[in-house]
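Notes to accompany the following structure.
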Amino acid sequence: MEFLLYLLLGAGAGVMAGLFGVGGGMIIVPVLVYSFAAHGFDPHILTHMAVGTSLASIIFTSLNSILEHHRKGAVNWTVFVWMALGILVGAGLGALTAEAISGPMLQRIIGIFAICIAVQMAFDLRPKASGGLPDKPGLSAAGGVVGWASAIFGIGGGSLTVPFLVWRGQSMQQAVATSAACGLPIALMGAASFMLIGWRTPGLPEWSLGFVYLPALVGIAVASMPFARVGARLAHRLPQHILKRLFALLLLCVGLNFLL
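Sequential numbering of the sequence shown, starting at 0, is according to numbering that gives the first Met the number 0.
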């Protein structure tokens, strides 16, 4: 029964990612928090486990997404390389930052972020293009900030990378594709860091690698990859503005629940 929940979660996260271009982490982390709490996981570590498991699952979904965007020639690989250098450092620091925050406080921080994303999606807030791309050190610095924040929230960074790249003059198509590529180093470094940081933490449940819970990871990974394609197809058939507002309402409820 528990594994079925993770399969359903992976399917839902995959569809959402395909529909909206927002990484499944925004759905995966809250649902895992509720699931882990219901299964009696230690409240001091269950939020960290939800974040670490979410990052590990993004490794699989991002690979699928990168291949699709690369086939269309939409990824700016030069931007990716220089941002990835900063992302790898930032994601490691983000995992250390998250580890230093108590579980309940980390939930509140994630709740505030979910509300911010809900407002952005509900009102379709996008930055206007302002100049060209920064130099290589500037791209690495931006990657560091994105990696740091993404590792704390357990996301692939699309909600941060896409607005930054659009603001710096990239087309929406290139921004989304390059952001998808940047999700892989975020997930790899973030997941590895959460595994190492949580390795000897007391109270870990069985089938855990540090702060990554393997049954949830397998279930989410198996279901999310094929269902991301389903979401991408539905995106061309369903009214996006209505769906985005409904998704924003869901994120708002999640964020308020985490805060209250």
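The beta-carbon is built from N, C-alpha and C at its ideal position, and this holds for glycine as well.
Model, not experiment: these values are computed from the prediction.
Discussion item. By DSSP's criteria, L250 is part of a beta bridge. Which residues make up the other side?
Written reply: Looking at the DSSP assignment, L250 forms no beta bridge with any residue, so it has no partner.
Worksheet item: Roughly how many angstroms lie between the CA atoms of G11 and L248, to the nearest whole one?
Response: 16 Å
Worksheet item: What's the C-alpha gap between A94 and P29?
Response: 18 Å
Worksheet item: Taking DSSP as the reference, what is the three-state secondary structure of S129?
Response: coil
Item to complete: For P126, collect the residues of the same chain with a Cβ closer than 7 Å to its Cβ; drop the 5 residues on either side in sequence, then sort them by chain order.
Response: P162, V165 and W166
Practice prompt. Can you check DSSP and say which residues form a bridge with V211?
Written response: L208
Discussion item. Is P225 a contact residue of the ligand PLP, with contact defined as CB to any heavy atom under 7 Å?
Written reply: Among the ligands in the structure shown, none appear at all, so the ligand PLP cannot be discussed.
Worksheet entry | Other residues of its chain near A176: CB distance less than 6 Å, five sequence neighbours each side excluded | H68, A73 and V74
Worksheet item: Going straight from the alpha carbon of A83 to that of F226, what length do you get?
Response: 27 Å
Practice prompt. Would you kindly work out how many angstroms separate the C-alpha atoms of G264 and G168, rounded to a whole number?
Written response: Given that the chain is displayed from residue 0 to residue 259, the structure contains no residue 264 and the question cannot be resolved.
Practice prompt. May I ask which residues mark the beginning and end of the alpha helix (DSSP H) holding R70?
Written response: L45 to R70
Worksheet item: When you compare only the Cα positions, how much space is there between I27 and S129?
Response: 33 Å
Discussion item. Need the endpoints of the alpha helix (DSSP H) that G39 sits in, please.
Written reply: No alpha helix (DSSP H) contains G39, which DSSP labels as neither H nor E.
Worksheet entry | Cβ-based neighbour list, M224, same chain, cut-off 7 Å, excluding 5 preceding and 5 following | G13, F59, T60 and N63
Item to complete: Look up P238 in the DSSP assignment and say whether it is helix, strand or coil.
Response: coil
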